[in-house]
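Beneath this line is the structure, given in structure tokens, with notes to follow.
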Amino acid sequence: MTFQSVVLKAARARCFSSHLQLARATSSCRCSLSTSASDDLATRHAVAPLHAPVTALTEDESMIRDVARQWANDGLRPVVRKMDREGSLDPDILSSLFAQGFMGMEIPPEHGGSGLSFTSACLVVEEISRVDPSVAILVDIHNTLTNNAIRFWGSESLRNTWLPRLATDTVSSFCLSEAESGSDAFALKTTAIPTSSSEYVLNGTKLWISNAAQAGVFLVFANANPAAGYKGITAFMVDAKTEGISVGPPESKLGLRASSTCPITFDDVKVTTDDILGQVGMGYKYCINILNEGRIGIACQQIGIAKGCLDIVMPYLKERQQFGRAIADFQGVQFQVAMAATELHAAEVMTYNACRLKEANLPFVKEASMAKLYSSKVSEKVASLTIELLGGIGFTQDLLAEKFYRDCKVGSIYEGTSNMQLQTIAKLLFADFK
Amino acid sequence: MKILVGIKRVVDYAVKVRVSKGTVDLANVKQSMNPFCEIAVEEAVRLKESKNASEVVALSIGPKQCTETIRTALAMGCDRGIHIQTDLRTDYMDLQPFAIAQLFQKIVEKEKSDLVLLGKQGIDSDCGQTGPMLAGMMGWPQVTFAAKVEVKDGGLLVERETDSGTETIQVKSLPAVVTCDLRLNEPRYATLPNIMKAKKKPVETLKAEEMGVDLVPHNQVLEILEPPPRKEGIMVENVDSLIDKLRNEAQVI
Numbered sequence: 001m002t003f004q005s006v007v008l009k010a011a012r013a014r015c016f017s018s019h020l021q022l023a024r025a026t027s028s029c030r031c032s033l034s035t036s037a038s039d040d041l042a043t044r045h046a047v048a049p050l051h052a053p054v055t056a057l058t059e060d061e062s063m064i065r066d067v068a069r070q071w072a073n074d075g076l077r078p079v080v081r082k083m084d085r086e087g088s089l090d091p092d093i094l095s096s097l098f099a100q101g102f103m104g105m106e107i108p109p110e111h112g113g114s115g116l117s118f119t120s121a122c123l124v125v126e127e128i129s130r131v132d133p134s135v136a137i138l139v140d141i142h143n144t145l146t147n148n149a150i151r152f153w154g155s156e157s158l159r160n161t162w163l164p165r166l167a168t169d170t171v172s173s174f175c176l177s178e179a180e181s182g183s184d185a186f187a188l189k190t191t192a193i194p195t196s197s198s199e200y201v202l203n204g205t206k207l208w209i210s211n212a213a214q215a216g217v218f219l220v221f222a223n224a225n226p227a228a229g230y231k232g233i234t235a236f237m238v239d240a241k242t243e244g245i246s247v248g249p250p251e252s253k254l255g256l257r258a259s260s261t262c263p264i265t266f267d268d269v270k271v272t273t274d275d276i277l278g279q280v281g282m283g284y285k286y287c288i289n290i291l292n293e294g295r296i297g298i299a300c301q302q303i304g305i306a307k308g309c310l311d312i313v314m315p316y317l318k319e320r321q322q323f324g325r326a327i328a329d330f331q332g333v334q335f336q337v338a339m340a341a342t343e344l345h346a347a348e349v350m351t352y353n354a355c356r357l358k359e360a361n362l363p364f365v366k367e368a369s370m371a372k373l374y375s376s377k378v379s380e381k382v383a384s385l386t387i388e389l390l391g392g393i394g395f396t397q398d399l400l401a402e403k404f405y406r407d408c409k410v411g412s413i414y415e416g417t418s419n420m421q422l423q424t425i426a427k428l429l430f431a432d433f434k
Numbered sequence: 001m002k003i004l005v006g007i008k009r010v011v012d013y014a015v016k017v018r019v020s021k022g023t024v025d026l027a028n029v030k031q032s033m034n035p036f037c038e039i040a041v042e043e044a045v046r047l048k049e050s051k052n053a054s055e056v057v058a059l060s061i062g063p064k065q066c067t068e069t070i071r072t073a074l075a076m077g078c079d080r081g082i083h084i085q086t087d088l089r090t091d092y093m094d095l096q097p098f099a100i101a102q103l104f105q106k107i108v109e110k111e112k113s114d115l116v117l118l119g120k121q122g123i124d125s126d127c128g129q130t131g132p133m134l135a136g137m138m139g140w141p142q143v144t145f146a147a148k149v150e151v152k153d154g155g156l157l158v159e160r161e162t163d164s165g166t167e168t169i170q171v172k173s174l175p176a177v178v179t180c181d182l183r184l185n186e187p188r189y190a191t192l193p194n195i196m197k198a199k200k201k202p203v204e205t206l207k208a209e210e211m212g213v214d215l216v217p218h219n220q221v222l223e224i225l226e227p228p229p230r231k232e233g234i235m236v237e238n239v240d241s242l243i244d245k246l247r248n249e250a251q252v253i
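Protein chains in written order, with UniProt numbering: chain Y, 1 to 434; chain U, 1 to 253.
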């Protein structure tokens, strides 16, 4: 057999198998090409790869993204500047988030939630972030951290008590950080000392707690056996109305100003064994697991910021005239936005792939860290470039570019700093070469 | 009362359409529910919520992707969907209102609908003919461009906005056809739980070619052109010269 005929045969086989794949794909996937596709489109179809592209959305995903986009543009956009200026969340926005089902995205319908996939939930975070990252962070933390922790490890009674409320009217906070424990999370000093066979008493102060001003429930990490070190860390679901809890005033921050970030003091707060999430002493494990996937949500927030920036700057480049033509006509400008779009695409592919890996139950921790690390760098770069290309107007509060520039900065800090992501990536990378 | 609501899949209102090869290019263009049809769905769902309607059925005619449009209607609160599938274009190029109205007639007769709610027009072809044609074929009363719909004494009280003021029309008894105008209501967003629940609602699929209706267009589209590019404006010195130009050059005042 000549070389040529082998190639030909292989090409035919590939065409045939991809036709089969297509027949299956069109029945389950959203097909964006019109059915009356021209010949060249049909040819493109025939050599379509065996796997769907990571950025191609299912029908569910695209419908959900569209709804989130519409809500963010119509319902949220008009109050973004006001909320940033006042440094507080509009209560109507919060009730709308619950009414739309954005607060119980992965909670199953039997517990009053929307029953969405992880990827769909991440797409909602991205779309909201594209308009206001400070509202996106509330949605992200509530859904990807607390709701999921309870879904994964909560007892039946905890799930029955809290999931319906978390989906419909109760904001939650994830209480881990303390004055002395940031990146070194498990050096936390808050204690949960057993006082009887069924009761614990919490003491300590948590810092930088997102959503704390609105929260009706706290997921608190405290050490139930300090002598055992991190293996004493235990997670408790604590009703915000419990006696002994005081929420301090919100921090005045560089960005995400509409999202509250407060200290919380626990002073002899009584909780019961029923409030324990999962098992005593397993808190550190739950924490690692939930943050591993939670940071994909942060990566989505960062991508949303970068897209929000392009939404502002791209039309401007075509409108703004200098030296007798649109500034979009200058190659210098074209190359800058082309590079930004390339990096954004890379971040998007990394992030969506991390979503898909997680949903496929494949290892995703390294990829999630990479996605978060890279997306937070890209968002900062795109936001900065956006302001430069907008010129003077970009530096003012007339446009949202300066807000995106402030809002993105925390992306390289929270849910694991960039250095901590690098540490995770390096650790897993060396493990691959053991 | 059983309501049949028509939902048309059209090029999204926010998309700038491109003309290519003598027609509007539909390849890779975002398409969504005709905004006036959204208003019809919202009105139908409200009539159900106020216990005036027992069932709301959404009907869409068009390609496979109409299932998404139907799912949106189901997520907004319709009970079930009917999809008359066809690869013929529904933007007047292939299927025209006369054929569409006949397809509707078949479904109305089968479903024994008491009220048909439609958008006043599709934003693609802007005909506004399907409603009136359907009413004519059925021999039913019709009200077009409804701005308010109220159920009264087994019939309807419908307001329409005209150039000279609000006109109120009493439909003494059902069945009837009503087409919906922009200010009738503000359609709700589909919530996430409802989008997921909508997947479980039944959708019946039929083939347009098997409905016993002559689908051949009666009118021929000769040409489709892009709107001419807007001429650059001019700056006027002051109000007086503006008035002078409006009066003498443009001759509009």
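Even for Gly, the Cβ is constructed at its ideal location relative to N, Cα and C.
{"Check": "Closer than 8 Å, CB to CB, is U/Arg71 near chain Y or not?", "Outcome": "yes"}
{"Check": "Any beta-carbon of chain U closer than 8 Å to the one on Y/Glu415?", "Outcome": "no"}
{"Check": "Just checking my contact of U/Leu134 with U/Phe98 at CB under 8 Å: how many whole Å lie between their CB atoms?", "Outcome": "Their Cβ separation, rounded to whole angstroms, is 10 Å, which puts U/Leu134 and U/Phe98 out of contact at 8 Å."}
{"Check": "If you draw a straight line from the C-alpha of Y/Gly278 to the C-alpha of U/Val57, how long is it?", "Outcome": "46 Å"}
{"Check": "Give the residues of chain U in contact with Y/Met105, contact being defined as C-beta atoms less than 7 Å apart.", "Outcome": "Leu192"}
{"Check": "Taking the beta carbon of Y/Ala23 as the centre, do at least 16 other beta carbons fall within 10 Å, making it buried, or is it exposed?", "Outcome": "Since pLDDT at Y/Ala23 reaches only 37, below the 50 mark, its modelled position is unreliable, and no value is offered."}
{"Check": "Quick one: what does DSSP say Y/Glu180 is sitting in, helix, strand or coil?", "Outcome": "coil"}
{"Check": "If contact is defined by three or more beta carbon pairs under 8 Å, each pair taking one atom from either stretch, is the segment 27 to 45 of chain U in contact with the segment 400 to 414 of chain Y?", "Outcome": "no"}
{"Check": "Check whether chain U comes within 8 Å of Y/Phe102, counting only Cβ atoms and requiring the distance to be less than that.", "Outcome": "yes"}
{"Check": "If we ignore side chains and look at the alpha-carbon of each, how far apart do Y/Ala368 and U/Lys112 end up?", "Outcome": "55 Å"}
{"Check": "Take the Cβ of Y/Ala42 as the centre, count every other Cβ of all protein chains shown within 10 Å, and call the residue buried at 16 or more, exposed below.", "Outcome": "Reliability fails at Y/Ala42, whose pLDDT of 44 lies under 50, so the model's placement of it is uncertain and the value that follows must be treated cautiously. Classification for Y/Ala42: exposed."}
{"Check": "Identify, in the order they occur along the chain, each residue of the same chain with its Cβ nearer than 7 Å to the Cβ of residue 254 of chain U, setting aside the five sequence neighbours on each side.", "Outcome": "A question about residue 254 of chain U goes unanswered here, because the residues of chain U that appear run from 1 up to 253."}
{"Check": "For Y/Ser376, tell me which candidate among Y/Glu388, Y/Ile393, Y/Ala401, Y/Tyr414 has the shortest Cα-Cα distance.", "Outcome": "Y/Tyr414"}
{"Check": "For Y/Thr242, tell me which candidate among Y/Gly255, Y/Asp267, Y/Thr261 has the shortest Cα-Cα distance.", "Outcome": "Y/Asp267"}
{"Check": "With DSSP as the reference, label U/Ala58 as helix, strand or coil.", "Outcome": "strand"}
{"Check": "Would you mind sorting Y/His51 into buried or exposed? The rule is 16 or more other CB atoms within 10 Å of its CB.", "Outcome": "exposed"}
{"Check": "Taking DSSP as the reference, what is the three-state secondary structure of U/Glu159?", "Outcome": "strand"}
{"Check": "What are the start and end residues of each continuous beta strand (DSSP E) run of 3 or more residues lying completely inside the segment 210 to 239 of chain Y, in chain order?", "Outcome": "215 to 223, 233 to 239"}
{"Check": "Helix, strand or coil, according to DSSP, for Y/Gln21 in the structure here?", "Outcome": "Low local confidence applies: a pLDDT of 39 at Y/Gln21 is under 50, so the model's placement there is unreliable, with the coordinate-based value given in what follows. Reduced to three states, the DSSP call for Y/Gln21 is helix."}
{"Check": "Contact defined as beta carbons within less than 8 Å: I believe U/Val149 pairs with U/Leu192. What is the distance between those atoms, to the nearest angstrom?", "Outcome": "Their Cβ separation, rounded to whole angstroms, is 29 Å, which puts U/Val149 and U/Leu192 out of contact at 8 Å."}
{"Check": "Going by the CB atoms, is the gap between Y/Phe174 and residue 487 of chain Y shorter than 8 Å?", "Outcome": "One cannot answer for residue 487 of chain Y here, as it falls past the ends of chain Y, which runs 1 to 434."}
{"Check": "8 Å is my cut-off, CB to CB: does U/Arg46 come that close to chain Y?", "Outcome": "no"}
{"Check": "Can you tell me whether Y/Phe98 is helix, strand or coil according to DSSP?", "Outcome": "helix"}
{"Check": "Using 8 Å as the Cβ pair cut-off and three pairs as the minimum, do the segment 249 to 260 of chain Y and the segment 82 to 92 of chain Y touch?", "Outcome": "yes"}
{"Check": "How do the segment 171 to 189 of chain U and the segment 200 to 212 of chain U stand: do at least 3 beta-carbon pairs fall below 8 Å, yes or no?", "Outcome": "no"}
{"Check": "Is there at least one Cβ from chain Y nearer than 8 Å to U/Tyr92's Cβ?", "Outcome": "no"}
{"Check": "Residues in the same chain with beta-carbon distance under 8 Å from Y/Ser246, minus the five sequence neighbours each way, listed in chain order, please.", "Outcome": "Ile264, Thr265, Asp267"}
{"Check": "Between Y/Trp153 and chain U, is any beta-carbon pair separated by less than 8 Å?", "Outcome": "no"}
{"Check": "Could you check whether the segment 130 to 141 of chain Y touches the segment 65 to 79 of chain Y, counting it as contact only if at least three pairs of C-beta atoms, one from each stretch, sit closer than 8 Å?", "Outcome": "yes"}
{"Check": "Using CA coordinates, which residue listed in Y/Tyr352, Y/Phe364, Y/Leu357, Y/Val313 is at the minimum distance from Y/Ala340?", "Outcome": "Y/Val313"}
{"Check": "Three-state secondary structure (DSSP) at U/Asp87?", "Outcome": "coil"}
{"Check": "Cβ closer than 9 Å: which chain Y residues qualify as neighbours of U/Ile39?", "Outcome": "Neighbours of U/Ile39 on chain Y: none; closest Cβ ~15 Å, over 9 Å."}
{"Check": "Check the C-beta distance from Y/Ser114 over to Y/Gly104 and give it rounded, since I have them as a contact under 8 Å.", "Outcome": "6 Å"}
{"Check": "Tell me which residues share the same chain as Y/Ala306 and place their Cβ nearer than 6 Å to its Cβ, disregarding the 5 neighbours each side in the sequence.", "Outcome": "Leu344, Val378, Ser379, Val382"}
{"Check": "When you compare the CB of Y/Gly297 with every CB in chain U, is at least one pair closer than 8 Å?", "Outcome": "no"}
{"Check": "Would the segment 269 to 278 of chain Y and the segment 189 to 201 of chain Y be scored as touching if the rule is three or more Cβ pairs under 8 Å?", "Outcome": "yes"}
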